[in-house]
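Chemist:
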Amino acid sequence: MNDINMTYEEALSHAPQEEPARQYFFIERCQDILENLKEVSGKEQLTFHIATFGCQMNSRDSEKLQGILEAIGFVEHDTEEADFVLYNTCTVRENANDRVYGRLGYLNSLKKKNPYMMIALCGCMMQEEEVVAKIKKSYRFVDIIFGTHNIFKLAELMYERLEEKKMVVDIWEGTDRIVEDLPTERKYSFKSGVNIMFGCNNFCSYCIVPYVRGRERSRSPKDILEEIKQLVNDGVVEIMLLGQNVNSYGKTLDTPVSFAELLTQIDQVEGLERIRFMTSHPKDLSDELIKAMKNSKKVCHHLHLPLQSGSSRILKVMNRKYTKEQYLELVEKIRTAIPDISLTTDIIVGFPGETEEDFNETLEVVRKVRFDSAFTFIYSKRTGTPAAKMEEQVSEEAIKNRFDRLLDEVKNISSEVCGREVHTVQKVLAEEVNDHEEGLLTGRLGNNTTVHFKGDSSLIGKIVDVYLDESRGFYYMGTLRP
Ligand code: 5AD
Ligand code: SF4
């Protein structure tokens, strides 16, 4: 079976049909070709580099892609001067696409110097037809293009590229499949993302995600729990449950399970210390979930609750399915149950038709809720979404003015709010050595605020007690407690 001279057709006829066995078959075949390439090129090792754009879903996907590349035999390299360069792209806003096109020219210049180099593109941007057409036409030097639904196929696609010696393009429109048990690598030894669901069914009118990530699909609680137990066995103490809308987890399973029930089950995994999750859609955040968070010792007191706009009129056109009043009531309810909760949000400025009055309502909600932090975005028109066809696009000048005002407000509030735990002792997960000052470690509180404190690197990955001496706006300076 490991005959390097097997033709592409022969290999296809030998490949198992079922997954993940099929991918392990292609991983082995790629291993052989790689050994051969090493000899021919005289290189001791062949390297890879992955650049990840966008959200935590993409970061987690990149860890899976890295796992496959390492299983094939590639060694990680920290710049794009590598033998296999993969861009895992994002398309949520137009500027993310522009960045990718900008960097492709540079990759081409590297490829001219390295005849063994392969360039692969995947992720959300590749799910857009015009993008793939443009790359096929104007960026012929790209070797492999795949999308969001078939990342598990990387070894098979690479094998096809190596054997057929032409550009391989494999984009799926959608999928109902979730392939489990492929190799994966983790960026951090002590914390990890865990996908609980894929896709989104909400169709907020500005958002391209439902078109590029497909319909909502949940993993079974059994698969999720097994993965988490395995991670904990490997030394992970903190997990981040990932989904575009975790509050609607489990609705499409054969035996429906709510997100709150899942959280309660995960809470019982021994050795796991912290549980985070994102993203929550306000319309689906249940009382049951608030209760589960309140009753758990492990679920961190942090909620990322995207507001998008404070104007009920704009929220309706955005298809968010809640009003300003409902959002404020929800915040009130959460704060009553969990007083020390930290709230963060996403806000879009300049959605089509947004007036000065609408924007002032957003500012009003920001002032009322007093978010710990807010990610602010200028509305970006995404082809294919309902909002792209809306007239009354807001002028650039008005958008800039509103964006600056919102940012000022958000910054002022968060510098006040973030200091609220000063002069208390808090549990901190020590995450990394601070690059700026020798002897300092950087860690995070349960509510996600950063803390710098003196300590040595043996503490990394451990949860330690730290006294918060001073608040410096967005972070604390602290002292380790014995
Ligand atoms: N323009 C600007 N921001 C957007 N987001 C999603 N789509 C767009 C768009 N077209 C923002 C939303 C979302 C975050 C991940 O990105 O605020 O919550
Ligand atoms: Fe996009 Fe709305 Fe789905 Fe979030 S919930 S991914 S904003 S469609």
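Residue numbering for the sequence shown follows full-length UniProt numbering, beginning at 1 and increasing consecutively.
Cβ atoms here follow ideal geometry from the backbone N, Cα and C, with glycine treated the same way.
It should be emphasised that the depicted structure is a prediction, and the values quoted were computed from it without experimental measurement.
Shortest alpha-carbon distance to Q326 belongs to which of S471, K294, L305 and E39?
Modeler: The shortest Cα separation from Q326 among S471, K294, L305 and E39 belongs to L305.
Chemist: If I'm right that Y379 touches G350 with Cβ under 8 Å, what's the distance once you round it to whole angstroms?
Modeler: Rounded, the Cβ-Cβ distance is 4 Å, consistent with contact.
Chemist: Is DSSP giving C122 helix, strand or coil here?
Modeler: If DSSP states are grouped into helix, strand and coil, C122 belongs with the strands.
Chemist: What residues sit near ligand 1, counting only those whose C-beta is closer than 6 Å to one of its heavy atoms, in chain order?
Modeler: This selection yields V92, R93, Y206, C207, P306, Q308, D346, I348, F377, Y379, S380 and R382.
Chemist: In whole angstroms, give me the CA-to-CA distance for I314 and E226.
Modeler: So the alpha carbons of these two residues sit roughly 42 Å apart.
Chemist: Per DSSP, which one or two residues make a beta bridge with T383?
Modeler: DSSP output for T383 lists no bridge partner at all.
Chemist: At the level of alpha carbons, what is the spacing between H423 and H452?
Modeler: Answer to the nearest angstrom: the Cα atoms are 14 Å apart.
Chemist: Counting only the same chain and skipping the five closest in sequence on each side, list residues whose C-beta sits under 8 Å from that of V428.
Modeler: Taken in chain order, the residues that qualify are G443, R444, L445, V451, F453, I463, V464, D465, V466 and G478.
Chemist: If you draw a straight line from the C-alpha of residue 488 to the C-alpha of S415, how long is it?
Modeler: The requested residue 488 is not part of the displayed model; the chain covers only 1 to 482.
Chemist: Whole beta strand (DSSP E) runs in the region 54-120 with 3 or more residues, listed along the chain?
Modeler: You should have 84-89.
Chemist: Closer than 6 Å is what we want: which residues have a beta carbon that near any heavy atom of ligand 2? List them in chain order.
Modeler: Those residues, listed in chain order, are C200, N202, F203, C204, C207, V209, P210, Q244, N245 and H281.
Chemist: Compare the beta carbon distance of F277 and V237 with 8 Å and say whether it is the shorter of the two.
Modeler: Not closer than 8 Å, so no.
Chemist: Judging by CA-CA distance, which residue of N447, K136, I196 and Q66 is the nearest neighbour of V299?
Modeler: Measuring from the Cα of V299, the nearest candidate turns out to be N447.
Chemist: For Q268, which three-state DSSP category applies?
Modeler: Q268 falls in the coil class under three-state DSSP.
Chemist: The alpha helix (DSSP H) that contains F403, what's its start and end?
Modeler: E396 to V417 is the span of the alpha helix (DSSP H), which, as asked, contains F403.
Chemist: Starting from the Cα of D32, find the closest Cα among A71, A21, I50 and R60 and give me that residue.
Modeler: If we check each option's Cα against that of D32, A71 comes out closest.
Chemist: From which residue to which residue does the beta strand (DSSP E) around N195 run?
Modeler: Run containing N195: K191 to N195, per the beta strand (DSSP E) assignment.
Chemist: Can you tell me whether S280 is helix, strand or coil according to DSSP?
Modeler: Coil, per DSSP.
Chemist: Assess contact between the region 20-27 and the region 167-187, defined as three or more Cβ pairs (one per stretch) separated by less than 8 Å. Is contact present?
Modeler: Judged by Cβ distances under 8 Å, the region 20-27 makes contact with the region 167-187, as three or more pairs qualify.
Chemist: Okay, do the region 191-207 and the region 236-250 touch, 3+ Cβ pairs below 8 Å being the bar?
Modeler: Contact between the region 191-207 and the region 236-250 is present, because at least three Cβ pairs lie under 8 Å.
Chemist: Under a three-way DSSP split, which group does F146 fall into?
Modeler: Strand.
Chemist: Within a Cβ cutoff of 8 Å, which residues of the same chain sit near S457, ignoring the five residues on either side of it in sequence?
Modeler: Closer than 8 Å at Cβ, skipping near neighbours: V433 and L441.
Chemist: When we look at the beta-carbon of N2 and count the other beta-carbons within 10 Å, is it buried (16 or more) or exposed?
Modeler: With a pLDDT of 49 at N2, under the threshold of 50, the modelled position of this residue cannot be trusted; read the value that follows with caution. Result: exposed.
Chemist: Comparing alpha-carbon positions, which option in I399, E431 and M240 lies nearest H301?
Modeler: Here the closest residue by C-alpha is M240.
Chemist: State yes or no: is the C-beta of I50 within less than 8 Å of the C-beta of N95?
Modeler: Contact flag unset, no.
Chemist: Assuming V168 and E160 form a contact by the criterion Cβ under 8 Å, report the distance between their Cβ atoms to the nearest whole angstrom.
Modeler: Right, their Cβ atoms sit about 5 Å apart.
Chemist: Starting from F474, trace the alpha helix (DSSP H) in both directions and tell me its first and last residue.
Modeler: Counting along the chain, F474 falls outside any alpha helix (DSSP H), and DSSP gives it neither H nor E.
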